[in-house]
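Colleague:
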Amino acid sequence: MHISEGVLTIPVLAAGGVISALGVAMGLAKIKSHNLPQAAILTAAFFTASFIHVNIGPSSVHLMINGLIGLLMGWMAFPIILVGLTLQALLFQFGGITVLGVNTFNVAGPAVLFGFLFRKTVLSDKLVPSSLAAAGAGFFSIALTALLVGVALYASNPANYGAAAKTVFVAHIPVMVIEAIITLLVVRFLKKVKPEILFTATAVRTTEAV
Amino acid sequence: MCGDCLAHAGQPAAIGAETTGEPVTVDAVAASENGSGFLLEDADPRARLILALVFAFVLAAVQSVEAAVLGLAFSILITMASGKPLLALLKRLAVVNTFIIFMWVMLPFSFSTPGEIIAKIGPLEVTREGVILASLLTLKANAILLVVISLLTVGPLHLMAEASRALGMPDKLVNLFLLTTRYFQVIFDEYQRLRLAMKARGFKSSLSRHSMKSLGSLLGILLVRSFDRADRIHKAMLARGYSGDLHVRTEFEFKKIDAIFALSMIVVTIVVLIAEWNRTL
Numbered sequence: 001m002h003i004s005e006g007v008l009t010i011p012v013l014a015a016g017g018v019i020s021a022l023g024v025a026m027g028l029a030k031i032k033s034h035n036l037p038q039a040a041i042l043t044a045a046f047f048t049a050s051f052i053h054v055n056i057g058p059s060s061v062h063l064m065i066n067g068l069i070g071l072l073m074g075w076m077a078f079p080i081i082l083v084g085l086t087l088q089a090l091l092f093q094f095g096g097i098t099v100l101g102v103n104t105f106n107v108a109g110p111a112v113l114f115g116f117l118f119r120k121t122v123l124s125d126k127l128v129p130s131s132l133a134a135a136g137a138g139f140f141s142i143a144l145t146a147l148l149v150g151v152a153l154y155a156s157n158p159a160n161y162g163a164a165a166k167t168v169f170v171a172h173i174p175v176m177v178i179e180a181i182i183t184l185l186v187v188r189f190l191k192k193v194k195p196e197i198l199f200t201a202t203a204v205r206t207t208e209a210v
Numbered sequence: 211m212c213g214d215c216l217a218h219a220g221q222p223a224a225i226g227a228e229t230t231g232e233p234v235t236v237d238a239v240a241a242s243e244n245g246s247g248f249l250l251e252d253a254d255p256r257a258r259l260i261l262a263l264v265f266a267f268v269l270a271a272v273q274s275v276e277a278a279v280l281g282l283a284f285s286i287l288i289t290m291a292s293g294k295p296l297l298a299l300l301k302r303l304a305v306v307n308t309f310i311i312f313m314w315v316m317l318p319f320s321f322s323t324p325g326e327i328i329a330k331i332g333p334l335e336v337t338r339e340g341v342i343l344a345s346l347l348t349l350k351a352n353a354i355l356l357v358v359i360s361l362l363t364v365g366p367l368h369l370m371a372e373a374s375r376a377l378g379m380p381d382k383l384v385n386l387f388l389l390t391t392r393y394f395q396v397i398f399d400e401y402q403r404l405r406l407a408m409k410a411r412g413f414k415s416s417l418s419r420h421s422m423k424s425l426g427s428l429l430g431i432l433l434v435r436s437f438d439r440a441d442r443i444h445k446a447m448l449a450r451g452y453s454g455d456l457h458v459r460t461e462f463e464f465k466k467i468d469a470i471f472a473l474s475m476i477v478v479t480i481v482v483l484i485a486e487w488n489r490t491l
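Line by line, the protein sequences are chains Y and Z.
In terms of this note's numbering, the first sequence has 177 at position 177, counting the first letter as 1, and numbering is strictly consecutive.
Add 210 to a position in the second sequence, counting from 1, and you land on the number used in this note's numbering.
Given below as structure tokens:
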């Protein structure tokens with residue numbers, strides 16, 4: 001899902017950087033500094049989730065759960081995903097430093113959008129609409145991420161990256177389905193086991209300093 | 211493209227080190243790959259960060275193969291100066307290059323601007339321009355990766371975070387990064403324990419209903435425990451007077467050797483830029 005170094009042009013990299021910087025600023029504004037340790041633990045948890053692999057035949061995909069992050073954390077998805085992608089770039093060289101802005105926006109933008117759109121329905125008591133909304137957040141977040149990856153490629157070289165852009169999107173259709181199912185299952189799990197996590201969005205926003 | 215995430219499969223084992231019982235830290239991951247006696251580790255982290263970024267973005271902007279080759283050559287030199295074992299790194303780059311391989315699969319066959327056909331594979335036509343573009347991407351990507359590895363991942367990671375703070379990164383973001391690297395080992399340990407328990411019960415990741423449900427519960431319980439832990443730590447820290455400041459200020463010193471390092475990086479960057487201009491003008 002991460003675009004690697006060296007593929008995109010400078011205007012695309014710059015645009016991604018500027019938009020992501022705004023998103024990160026919005027997210028940081030939501031975190032009070034005394035709540036940073038909590039935000040960090042959740043960031044670590046979401047980063048750890050990206051180590052979970054689902055095998056599809058001979059290949060495997062790792063979870064991104066950006067839909068879930070968006071549902072739970074709202075704008076905080078931006079700093080959370082930026083830190084996660086930075087660690088991936090520095091430790092494993094997935095993605096990269098110059099593409100951090102673009103990749104952060106591609107993953108966090110859809111998370112925030114569908115988080116806001118589906119959150120209310122997800123929180124409702126009705127089982128079926130709530131489940132559908134959770135699955136929708138998972139599905140559409142990945143779909144839009146894949147679309148944005150395609151757009152970034154296309155914008156960098158409209159004449160020649162078109163086929164690659166389309167292939168990226170099609171290749172992600174199974175991932176959309178998997179993320180939809182996982183997001184649905186996690187939301188149902190949280191509703192049963194510790195619903196306050198869903199309802200307060202996060203302790204980060206609600207706990208006051210004493 | 212998630213192709214480049216496939217290589218992930220091998221990574222948790224490297225971090226997890228379930229059997230060794232050694233503490234799992236982000237720095238340990240970075241350090242495990244360091245060779246001995248690097249020269250660049252001692253350079254001012256601020257200089258390393260800013261110069262690596264400038265060089266990386268210049269490489270990202272390069273459109274000519276000549277400049278890209280030059281850039282890659284410089285990157286290899288910088289890597290050698292950093293003392294990272296080059297051979298091990300190249301193997302790693304091969305694994306990480308999956309996105310680039312994907313572009314190789316796509317570009318030579320899908321070049322839409324009329325290109326010179328140099329080969330035919332069945333109905334597919336390989337264009338010269340497509341091959342050149344794919345080569346350019348490969349050179350650029352690997353040059354940037356090498357610079358990032360050799361300038362940003364030598365020495366402790368927290369120094370890089372502090373350097374970015376010194377260069378104007380917002381306090382909150384840097385602290386979030388530092389605290390995340392701190393807690394990652396805790397949460398990842400927790401995750402490894404859960405995975406071990408699943409493994410002991412014969413769990414295999416697949417697309418089956420049971421497997422998906424298990425993964426959903428795994429993630430769910432990981433989040434529940436993380437939220438609980440976050441709450442406990444928050445209360446404990448507040449009780450100890452935590453107000454949001456980490457009180458870890460690192461003083462950096464720009465020494466003579468840093469000036470030499472900075473100057474060489476600037477020269478290298480300018481040489482690549484000149485190569486690019488000569489080619490495109």
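Backbone N, C-alpha and C define an ideal beta-carbon position, used for all residues, glycine too.
The model shown is predicted, which means the values in this text are computed figures rather than measured ones.
#1: So R188 (chain Y) and S131 (chain Y) are supposed to be a Cβ contact under 8 Å. How far apart are they, rounded?
#2: Would V358 (chain Z) pass as an interface residue toward chain Y - the criterion being a Cβ-Cβ separation below 8 Å?
#3: If you run the structure through DSSP and keep just helix, strand and coil, what is I52 (chain Y)?
#4: I'd like the list of long-range same chain contacts for S424 (chain Z), defined as Cβ closer than 7 Å, with 5 residues on each side in sequence excluded.
#5: If contacts are defined as beta-carbon pairs under 8 Å, then A111 (chain Y) and G67 (chain Y) qualify, I think. What distance do you get, rounded to the angstrom?
#6: How far does the alpha helix (DSSP H) with K503 (chain Z) in it reach, from first residue to last?
#7: On the DSSP bridge assignment, give the partners of V336 (chain Z) in chain order.
#8: Check whether chain Z comes within 8 Å of T104 (chain Y), counting only Cβ atoms and requiring the distance to be less than that.
#9: How about E228 (chain Z): is its C-beta nearer than 8 Å to some C-beta of chain Y?
#10: With a cut-off of 8 Å, do at least 3 Cβ pairs link the region 358-375 of chain Z to the region 282-291 of chain Z?
#11: Between the Cα of M316 (chain Z) and the Cα atoms of Y:G162, Y:A40, Y:A155, which residue gives the shortest distance?
#12: Closest by CA to F394 (chain Z), which one among Y:K120, Y:F46, Y:V149?
#13: Against chain Z, does K30 (chain Y) count as a neighbour if the rule is that its beta carbon must be under 8 Å from one of theirs?
#14: Can you tell me whether DSSP reads H62 (chain Y) as helix, strand or coil?
#15: Between the region 422-433 of chain Z and chain Y, which residues of the former have CB atoms less than 8 Å from a CB of the latter, in chain order?
#16: Please tell me whether S415 (chain Z) has its Cβ less than 8 Å away from any Cβ of chain Y.
#17: Within its chain, find whatever has a CB closer than 7 Å to the CB of L347 (chain Z); leave out the 5 residues flanking it on each side and keep chain order.
#18: Of all the CB atoms in chain Z, is at least one closer than 8 Å to the CB of S130 (chain Y)?
#19: Against S4 (chain Y), what residues of chain Z qualify as contacts under a CB-to-CB distance less than 7 Å, listed in chain order?
#20: Report the neighbours of P79 (chain Y) on chain Z: residues whose CB is nearer than 7 Å to its CB, in chain order.
#21: Name the chain Y residues that come within less than 7 Å of M316 (chain Z), Cβ to Cβ?
#22: Can the beta-carbon of A388 (chain Z) be found closer than 8 Å to that of L448 (chain Z)?
#23: For a cutoff of 8 Å on Cβ pairs, would you count S33 (chain Y) as touching chain Z?
#24: Please check if any C-beta of chain Y sits within less than 8 Å of the C-beta of S453 (chain Z).
#25: Here's a check: name, in chain order, each residue in its chain whose Cβ is nearer than 7 Å to the Cβ of D381 (chain Z), leaving out the five neighbours to either side.
#26: Spatial neighbours of V481 (chain Z) within its chain, please: CB distance less than 8 Å, with the 5 preceding and 5 following residues excluded, ordered by chain position.
#27: If you draw a straight line from the C-alpha of F199 (chain Y) to the C-alpha of F139 (chain Y), how long is it?
#28: At 8 Å on the CB atoms, spell out the chain A contacts of P37 (chain Y), in chain order.
#29: Going by Cα to Cα distance, which pick from Y:T43, Y:A29, Y:G23, Y:G16 is closest to T391 (chain Z)?
#30: Helix, strand or coil for L148 (chain Y), going by three-state DSSP, please let me know.
#31: Under 9 Å between beta-carbons, which chain Z residues line up against F194 (chain Y)? List them in chain order, please.
#32: Indicate the three-state DSSP secondary structure (helix, strand or coil) for Y154 (chain Y) in the structure shown.
#33: Rounded to whole angstroms, what's the CA-CA distance from A304 (chain Z) to L355 (chain Z)? Just pull it up for me.
#34: Residues of chain Y with CB under 8 Å from S320 (chain Z), in chain order?
#35: Report buried or exposed for S4 (chain Y), applying the criterion of at least 16 other Cβ atoms within 10 angstroms of its Cβ.
Modeller: Quick look at the numbers:
#1: 7 Å
#2: yes
#3: coil
#4: M408, F413
#5: 6 Å
#6: Coverage of chain Z is limited to positions 211 through 491, which leaves residue 503 (chain Z) absent and any answer about it impossible.
#7: V336 (chain Z) has Z:A329 as its beta-bridge partners, per DSSP.
#8: Look at T104 (chain Y): its C-beta is not under 8 Å from any C-beta on chain Z.
#9: Residue confidence is low: E228 (chain Z) scores 38 on pLDDT, short of 50, so the model does not pin down where it sits. No coordinate-derived value is stated.
#10: yes
#11: Y:G162
#12: Considering only alpha carbons, the answer is Y:F46.
#13: It does not: the Cβ of K30 (chain Y) has no partner Cβ on chain Z nearer than 8 Å.
#14: strand
#15: M422, K423, L425, G426, S427, L428, L429, G430, I431, L432, L433
#16: yes
#17: I310, M313
#18: no
#19: D214, F309, I310, A351
#20: L383, L386
#21: A163, A164, T167
#22: In the sequence on display, residue 388 (chain Z) carries Leu and not Ala. No, they are not a contact pair.
#23: yes
#24: yes
#25: R375
#26: L280, F284
#27: 21 Å
#28: Given the protein chain composition of this structure (Y and Z), no chain A is represented.
#29: Y:T43
#30: helix
#31: Sequence check: residue 194 (chain Y) is Lys here, not Phe. Here the neighbours are G430, L433, V434, F437, D438.
#32: helix
#33: 11 Å
#34: Within 8 Å Cβ-Cβ: N160, G162, A163, A164.
#35: buried
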